[in-house]
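**Q**
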Amino acid sequence: MLFTNTLIVLGAGAASLANAATTPQYLTIGSLNSNTPSGINVPAYDVISFPITDSKTKATTTCTVNWDWTKKPSTAWTACKDNSFSIKVSNYKSITDFTLNMQHQYNTQTGKKCVNPNGTGCTTTLASTTLTKANGGFSNYCGASGACGAVSKKGVKVAVLSSKTGTQK
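Counted from 1, the sequence shown has number 7 at position 6 by this note's numbering; the numbering is strictly sequential.
Here it is in structure tokens:
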């Protein structure tokens, strides 16, 4: 009888492990703020800022990217406050219409930042989402100075598109 109970427990444990292995990984964006200046103050910058959390490692940080409002955002990755995360904005049309690309690199043993991002045991995850006024749940506002901004809804989950562990070349 003890043997049967043990098999049931092991079977349930194996099922739990199988489910845990297939749980999708997300990067969750908190309330995203995007702002464009009035152009009164020079230099003036467009700004996108938001908290981000990795569902697998539970690591969280704040990401901010800014650029001269008369130009397009940089196509280079911008490090977040915790520089194991980075972001870049592409296909920028307005403060409520752009693509947000996100990256998180972490050590698979510790869950913390990789000492060597190209080394064995470093995982790089990539996620991307196109945010629009409709799907981002943006609320717009403009101030008396002409500066405008938008705030998105909280908790947008973005599925990790790719995850690579090992030597990154």
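The C-beta atom is built at its ideal place from N, Cα and C for all residues, glycine as well.
What are the boundary residues of the alpha helix (DSSP H) that Ala128 is part of?
**A** For the purposes of this step, residue 128 is identified with residue 127 of the sequence shown, where counting begins at 1. No alpha helix (DSSP H) holds Ala128; the beta strand (DSSP E) holding it covers 123–132.
**Q** Is Gly31 helix, strand or coil when you go by DSSP?
**A** Here residue 31 corresponds to residue number 30 of the sequence shown, with the count starting at 1. Three-state DSSP puts Gly31 in coil, outside helix and strand.
**Q** The beta strand (DSSP E) spanning Asp98 covers which residue range?
**A** Reading the sequence shown from its first residue, position 97 is the one you call residue 98. Here the beta strand (DSSP E) through Asp98 covers 98–108.
**Q** With a threshold of 6 Å on Cβ separation, who are the neighbours of Val161 within its own chain once the five nearest residues in sequence on each side are excluded?
**A** Sequence index remark: in the sequence shown, residue 161 carries index 160 (1-based). Closer than 6 Å at Cβ, skipping near neighbours: Gln26, Thr126, Ala128.
**Q** Could you name the residues that DSSP lists as bridge partners for Asn141?
**A** Mapped onto the sequence shown, residue 141 falls at position 140. Paired residue(s): Ala151.
**Q** Apart from the five residues just before and just after Ser153, which ones in its own chain have a Cβ nearer than 6 Å to its Cβ?
**A** Against the sequence shown, residue 153 aligns to sequence position 152. The residues are Leu33, Gly137, Gly138, Phe139.
**Q** Per DSSP, which one or two residues make a beta bridge with Thr79?
**A** Start at 1 with the first residue of the sequence shown, and residue 79 comes out as number 78. Partner(s): Ile88.
**Q** Mapping the DSSP letters down to three states, classify Asn117 as helix, strand or coil.
**A** Sequence index remark: in the sequence shown, residue 117 carries index 116 (1-based). In the structure shown, Asn117 sits in coil (DSSP, three-state: anything other than H, G, I, E or B).
**Q** Buried or exposed for Pro38, going by 16 or more other Cβ atoms inside 10 Å?
**A** Within the sequence shown, residue 38 is the residue found at index 37, counting from 1. Per the 10 Å Cβ criterion, buried.
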